[in-house]
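All remarks here apply to the structure that follows.
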Ligand SMILES: [Ca+2]
């Protein structure tokens, strides 16, 4: 049995590529860094939060947070007020896209400021029941809420923004945004 191995060394052209393009980014920073906006689209949240991340339905990208019947609360934002800004803040605004195939009861987008030193909430706003706007939307409903921050709020008070699901229903949340106003 003869086996023929042929080895070819194909000629190759050597080209010298001279990097001719030098990109110089001239620092022209116009927007200063701040923590006044928090946004979650759930595209990179899988495994990192307690939220149940689902790829079956989404407003943005491929993923959303799935809130199931067992969940009385959706996973949300939880930060010390002073982390958003060292200076006193005046207002918290929240919005989130919610979709559900069937709803029978209330859903609320809650904004809460909890004082560890007083061991109680110093400001709380569950806002309007969102279920009607969700049911009347063909796909994703824009759910919103906002609340003024009390003048006596402290930097270590905890801001919590989350969806409250008192009737234990199933729905999806996406593009959750919380902004702070000075
Ligand atoms: Ca998404």
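In our numbering, the protein residues as written are 53 to 234.
Think of the CB as a built atom: it goes at the ideal place given N, C-alpha and C, for glycine as much as any other residue.
Owing to the predicted nature of the structure, the values given are computational and were not obtained by experimental measurement.
{"Item": "Let me know the secondary structure DSSP gives residue 142 once reduced to three states.", "Value": "coil"}
{"Item": "At a cut-off of 8 Å, is residue 127 close to ligand 1 when judged by its beta-carbon and the heavy atoms of the ligand?", "Value": "no"}
{"Item": "Could you tell me whether the Cβ atoms of residue 159 and residue 177 are closer together than 9 Å?", "Value": "no"}
{"Item": "What's the C-alpha gap between residue 96 and residue 113?", "Value": "10 Å"}
{"Item": "Between residue 173 and residue 93, what straight-line distance do the alpha-carbon atoms span, to the nearest angstrom?", "Value": "28 Å"}
{"Item": "Does ligand 1 have even one heavy atom less than 8 Å from the beta-carbon of residue 94?", "Value": "yes"}
{"Item": "Rounded to whole angstroms, what's the CA-CA distance from residue 212 to residue 131? Just pull it up for me.", "Value": "7 Å"}
{"Item": "Within the segment 92-177, note down every full alpha helix (DSSP H) run reaching 4 residues or more, in order along the chain.", "Value": "133-136"}
{"Item": "Rounded to the nearest angstrom, how far is the Cβ of residue 232 from that of residue 141, given a contact under 8 Å?", "Value": "5 Å"}
{"Item": "Would you list the one or two residues that DSSP bridges to residue 229?", "Value": "91 and 147"}
{"Item": "Taking only heavy atoms of ligand 1 into account, decide whether any of them is closer than 8 Å to the Cβ of residue 118.", "Value": "no"}
{"Item": "What beta strand (DSSP E) runs, 3 residues minimum, are completely inside the segment 187-229?", "Value": "193-200 and 210-216"}
{"Item": "Is the segment 101-117 touching the segment 197-208 in the sense that three or more CB pairs, one from each, lie closer than 8 Å?", "Value": "no"}
{"Item": "Counting pairs of Cβ atoms below 8 Å between the segment 195-202 and the segment 115-131, do you hit three or more?", "Value": "no"}
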